[in-house]
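Trainee:
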Amino acid sequence: MSVSKTPHLAQPVDKPILVERLVYILALFLVLLGLVNVTPAIPGWDALWKDLTGNEFFRIRRFPTEWLFPITFFWMMLIVALKHSMWNSWAGKSAMMRRLGLFMDVALIIAAGAISLTYLIEIEAVCLIDVFTGDRERLIAKALQAEIEFAELYGLPAPDSADDPGCATTMGSWLILIMFASVVAFLGYNVKVWGLPLVLVSILIATYTFLTILNWYFFGPEDQNKYLVTILSSEETRSLGASLGFFQDALINQSSGLLGRFINVLLVLVFPYVILGALFGKCAGGQSLIKLAFGATRNLRGGPAHAAVVSSAMFGTITGGPVVNVLSTGVLTIPMMLKRGFSKVFAGGVEAAASSGGAIMPPIMGVAAFIMAALTGVPYREIIIAATLPALFYFFCLFLSVVFQARKQNIEAVGELSDDMKLTREDRLHLMQIFGPVLLVLVLLLTPKDAVGCSWYSIMLGAVVDQSGGSCAITSLPWIIELFQNAAGDASAAGWWAVFFLIILMFLDKEFRAKPMKIFDGLSQAGVTISTLFLMFMAVTVIDVCLNFTGLAKFVAVDVLGFLNSFDVSANSVGFQLFALFLTMLLAVLLGMGMPAVPAYINVALLMGPMLVGLGLATFTAHMFIFYFAVASAITPPVALAAFAAASITKADPMKTGFSAVRSGIVMFTIPFVFALYPEMLLIDKAVINPNDGLFLDGYDGTLNLGWLAYLMLRIAVALYLVSSALASFDRSKLKPLEVFARLALAVLILARPIEIYGVALVASIALVGWHTVRNRDTVPA
Numbered sequence: 021m022s023v024s025k026t027p028h029l030a031q032p033v034d035k036p037i038l039v040e041r042l043v044y045i046l047a048l049f050l051v052l053l054g055l056v057n058v059t060p061a062i063p064g065w066d067a068l069w070k071d072l073t074g075n076e077f078f079r080i081r082r083f084p085t086e087w088l089f090p091i092t093f094f095w096m097m098l099i100v101a102l103k104h105s106m107w108n109s110w111a112g113k114s115a116m117m118r119r120l121g122l123f124m125d126v127a128l129i130i131a132a133g134a135i136s137l138t139y140l141i142e143i144e145a146v147c148l149i150d151v152f153t154g155d156r157e158r159l160i161a162k163a164l165q166a167e168i169e170f171a172e173l174y175g176l177p178a179p180d181s182a183d184d185p186g187c188a189t190t191m192g193s194w195l196i197l198i199m200f201a202s203v204v205a206f207l208g209y210n211v212k213v214w215g216l217p218l219v220l221v222s223i224l225i226a227t228y229t230f231l232t233i234l235n236w237y238f239f240g241p242e243d244q245n246k247y248l249v250t251i252l253s254s255e256e257t258r259s260l261g262a263s264l265g266f267f268q269d270a271l272i273n274q275s276s277g278l279l280g281r282f283i284n285v286l287l288v289l290v291f292p293y294v295i296l297g298a299l300f301g302k303c304a305g306g307q308s309l310i311k312l313a314f315g316a317t318r319n320l321r322g323g324p325a326h327a328a329v330v331s332s333a334m335f336g337t338i339t340g341g342p343v344v345n346v347l348s349t350g351v352l353t354i355p356m357m358l359k360r361g362f363s364k365v366f367a368g369g370v371e372a373a374a375s376s377g378g379a380i381m382p383p384i385m386g387v388a389a390f391i392m393a394a395l396t397g398v399p400y401r402e403i404i405i406a407a408t409l410p411a412l413f414y415f416f417c418l419f420l421s422v423v424f425q426a427r428k429q430n431i432e433a434v435g436e437l438s439d440d441m442k443l444t445r446e447d448r449l450h451l452m453q454i455f456g457p458v459l460l461v462l463v464l465l466l467t468p469k470d471a472v473g474c475s476w477y478s479i480m481l482g483a484v485v486d487q488s489g490g491s492c493a494i495t496s497l498p499w500i501i502e503l504f505q506n507a508a509g510d511a512s513a514a515g516w517w518a519v520f521f522l523i524i525l526m527f528l529d530k531e532f533r534a535k536p537m538k539i540f541d542g543l544s545q546a547g548v549t550i551s552t553l554f555l556m557f558m559a560v561t562v563i564d565v566c567l568n569f570t571g572l573a574k575f576v577a578v579d580v581l582g583f584l585n586s587f588d589v590s591a592n593s594v595g596f597q598l599f600a601l602f603l604t605m606l607l608a609v610l611l612g613m614g615m616p617a618v619p620a621y622i623n624v625a626l627l628m629g630p631m632l633v634g635l636g637l638a639t640f641t642a643h644m645f646i647f648y649f650a651v652a653s654a655i656t657p658p659v660a661l662a663a664f665a666a667a668s669i670t671k672a673d674p675m676k677t678g679f680s681a682v683r684s685g686i687v688m689f690t691i692p693f694v695f696a697l698y699p700e701m702l703l704i705d706k707a708v709i710n711p712n713d714g715l716f717l718d719g720y721d722g723t724l725n726l727g728w729l730a731y732l733m734l735r736i737a738v739a740l741y742l743v744s745s746a747l748a749s750f751d752r753s754k755l756k757p758l759e760v761f762a763r764l765a766l767a768v769l770i771l772a773r774p775i776e777i778y779g780v781a782l783v784a785s786i787a788l789v790g791w792h793t794v795r796n797r798d799t800v801p802a
């Protein structure tokens, strides 16, 4: 699995072999450490290590985060500095530039080391300086004695442990200097590796935060606009020393610190899926996927264009990266589309649109989906359920665009496959290597933890059931059933077992058995990807920390709602909701230009999420809306990365290819508004929960009305048919401008809420399409 944009790389000279080998080894061991850390709950595994060591608390998995986070962070930044060395990249430039490159490489390593050590010194679970001075042992004993005395006073059992005491010795005011200097180093390196657009927002918000801190420090909070001071204004003493707690929290807070939730998501949730994607890249499954897609669509008019949609959907759910997807499947599907007669612009556009859809296609949707799970608190298994219907409609719309384009260009179905496109025994094995792990992930994620209960099939599976006392309880399970139950519904465990399963399947391939080192190559590549990915996370973490410092997003949300209330307008007004959604769409697309979907989604979610929630949307629905437009930025001109990648293959105009991709993938820009108006199509309760009171939104009670849902799906399908045909200006024959306008207008009206509007529009649409079909029944075959 990859992100939606590859890092910006200069053209370096060849790295010394020693450096390359060092990067390879460091990345490989990072991945091995990460795999051990996310090892799922295997029955007997923890007990084995306790017996071997005699230590009740010793285990070889789920290492303590207070040690894991700083160590792996430094490890990852060391890999980044060696892999993306500025000193090496600028080897052909002036001596001054070369020295600057060396300075930045060293600065990144020193900053990572400083942040890691400071984290260990400041966090109460470690207190590194106290450990060396002996104060740690003394403070723990003192805290335990206080707990014992308290228990004796109230007649409670004497405890044998106490909460971690505060650290006696910390970095003091040096903490502030270290954090500021380190942030500068991280952002500077991000400019080199990921490009300026990603870092620009971070720099602007970090600068704004720094200025507000200076304003508070020199002029105080009195008579100041709330946008010009920070949370430090709550301090009675206006000094940075008295405010160290805020800066300490910005470093070690597990929810919003520099080494907080994003590194936790990366090391626990994302980690196994990045490895899975890297190992998929070492399999020969891409060509086999395309053969399978061609075989399934050979009797359709669109032929290779339909195959591009199918193969990109399947391949994209594995990689999650539009550009990677285009360059992997497009090199095979685009030439075939051109050979069949599709225009260069359309071929590149539909491939870019289909490849971008991989990031929204369950079950493996890319890094941004895992971040959404962390930001919203919605389990990943529910996210893939919620994403199913919108993704199906997206690819349904792509199919329709291909159908209308094939009719427009009078392209006929071929029906027969050439010998080189027929599936061989090796292809079937390669497909097993792809679909096996993906299906395993799907089964594990969708299986609830309580799937094995007190039932007849549980007893048949070997469960020992105790039904005494009028209740039923499972006292023991067979090892394999307990193993399955432990992994059920756990995204991290599902990814780990998928990696394990894929490695076994890879050894069934005789070509792979001849070169087994490809596994280590894939693992090392995953280590480099993970390290580079977290450097990107540092840029968005800076935004997260700064917004918490300034309260900017909350202030904007409060002021917008206050502005609406001044006009006696309900915050839940559909008109204002649509206006806010439109502004959010623009911001997501603008921020997504030239940067991956992950930071685009996080940036907009942090800035605009509170306002959308305040306007009456459920938290999850608001984040899903933002997520879609962050992904859509890959095909949105003028910086349509996926479309430009496709244009490099077709040799067509990149901008025209981008607009063609928007036409083909128009549903990515429309379906978010649909599920914002009709959140029931996301299928989960979290999409209809009011975050302000925890109750269901007006009109919802937590039950799913299947009849209404089916009717809604029909309306959406008709609307997409109208939009796709209108944008192609073709159905069974060329559409006149008036009919194009009528179809677009009816598509909008069909999705309106009042039945008086959508009912009439639906009848009118069916009549319009029926009239067109009857009038042209002999013109173009259906």
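Counted the way our numbering counts, the sequence shown spans residues 21 to 802. Yeah, the Cβ is synthetic: ideal placement off N, Cα and C, and Gly gets one too.
For my contact list, leucine 176 and isoleucine 99 are in at a C-beta cut-off of 8 Å; report their separation, rounded to the angstrom.
Mentor: With a Cβ gap of about 50 Å, leucine 176 and isoleucine 99 do not count as contacting.
Trainee: Can you tell me whether valine 221 is helix, strand or coil according to DSSP?
Mentor: helix
Trainee: Starting from valine 484, trace the beta strand (DSSP E) in both directions and tell me its first and last residue.
Mentor: 484-486
Trainee: Tell me whether the beta-carbon of serine 421 lies closer than 7 Å to the beta-carbon of serine 684.
Mentor: It is a contact, given that the beta carbons lie within the stated cut-off.
Trainee: What are the residues that DSSP puts in a beta bridge with phenylalanine 554?
Mentor: None, per the DSSP bridge assignment.
Trainee: Closer than 6 Å by C-beta to serine 136: which residues in its own chain qualify, once you throw out the five before and the five after it? Chain order, please.
Mentor: Taken in chain order, the residues that qualify are Pro90, Phe93, Phe94.
Trainee: On the DSSP bridge assignment, give the partners of serine 496 in chain order.
Mentor: Per the DSSP secondary-structure output, serine 496 pairs in a beta bridge with Val484.
Trainee: DSSP state of lysine 574, grouped into three classes?
Mentor: helix
Trainee: Please list, in chain order, all residues of the same chain as alanine 205 whose beta carbon is under 7 Å from its beta carbon, the five residues on each side excluded.
Mentor: Ala127, Leu128, Ala131
Trainee: For leucine 449, which of Leu755, Leu525, Val463, Gly240 has the nearest alpha-carbon?
Mentor: Leu525
Trainee: Alpha carbon to alpha carbon, how far is glutamine 505 from glycine 482?
Mentor: 13 Å
Trainee: Find out if the Cβ-Cβ distance for the pair glycine 323, isoleucine 669 is shorter than 7 Å.
Mentor: no
Trainee: Which whole-angstrom value describes the C-beta separation of leucine 287 and asparagine 57, a residue pair presumed to lie in contact below a C-beta threshold of 8 Å?
Mentor: 7 Å
Trainee: Leaving aside the five residues before and after isoleucine 404 along the sequence, list all residues of the same chain whose C-beta is less than 6 Å from its C-beta, in chain order.
Mentor: Pro382, Pro383
Trainee: On the three-state DSSP scale, how would you describe lysine 103?
Mentor: helix
Trainee: In whole angstroms, give me the CA-to-CA distance for leucine 635 and glutamine 453.
Mentor: 46 Å
Trainee: Taking contact to mean 3 or more Cβ pairs, one atom from each stretch, closer than 8 Å, check whether the stretch 266-276 and the stretch 291-309 are in contact.
Mentor: no
Trainee: At what residue ranges does the stretch 673-757 contain a whole run of the alpha helix (DSSP H), taking only runs of 4 or more?
Mentor: 674-684, 687-697, 726-748
Trainee: Quick check on leucine 598: does DSSP put it in helix, strand or coil?
Mentor: helix
Trainee: Within the chosen definition, does the stretch 719-730 reach the stretch 756-771 through at least 3 CB pairs nearer than 8 Å?
Mentor: Short answer: they don't touch.
Trainee: Taking only three categories from DSSP, how would you classify glutamate 446?
Mentor: The DSSP-derived three-state label of glutamate 446 is helix.
Trainee: Please classify glycine 595 as buried or exposed, where buried requires at least 16 neighbouring CB atoms within 10 angstroms.
Mentor: exposed
Trainee: Do asparagine 623 and valine 290 have their CB atoms nearer than 7 Å?
Mentor: no
Trainee: Whose C-beta lies closer than 8 Å to the C-beta of tryptophan 499 among residues of the same chain, with five residues either side of it excluded?
Mentor: Pro63, Gly64
Trainee: Sort Leu697, Phe649, Lys530 by Cα distance to alanine 304 and report the nearest one.
Mentor: That would be Lys530, whose Cα lies nearest to the Cα of alanine 304.
Trainee: To which residues of the same chain is threonine 229 closer than 6 Å at the C-beta, ignoring the five residues directly before and after it?
Mentor: Cys566, Phe569, Thr570, listed in sequence order.
Trainee: Classify leucine 606: buried if its beta carbon has 16 or more other beta carbons within 10 angstroms, exposed otherwise.
Mentor: With fewer than 16 other Cβ atoms within 10 Å, it is exposed.
Trainee: Quick check: what's the CA-CA separation for alanine 171 versus alanine 577?
Mentor: 47 Å
Trainee: What's the gap between the Cα of valine 519 and the Cα of proline 457?
Mentor: Going by the C-alpha atoms only, they are around 7 Å apart.
Trainee: Alpha carbon to alpha carbon, how far is threonine 227 from leucine 234?
Mentor: 11 Å
Trainee: Let's test the definition: count the other Cβ atoms within 10 Å of the Cβ of asparagine 345 and tell me whether it reaches 16, buried, or not, exposed.
Mentor: buried
Trainee: If contacts are defined as beta-carbon pairs under 8 Å, then glycine 368 and isoleucine 354 qualify, I think. What distance do you get, rounded to the angstrom?
Mentor: 7 Å
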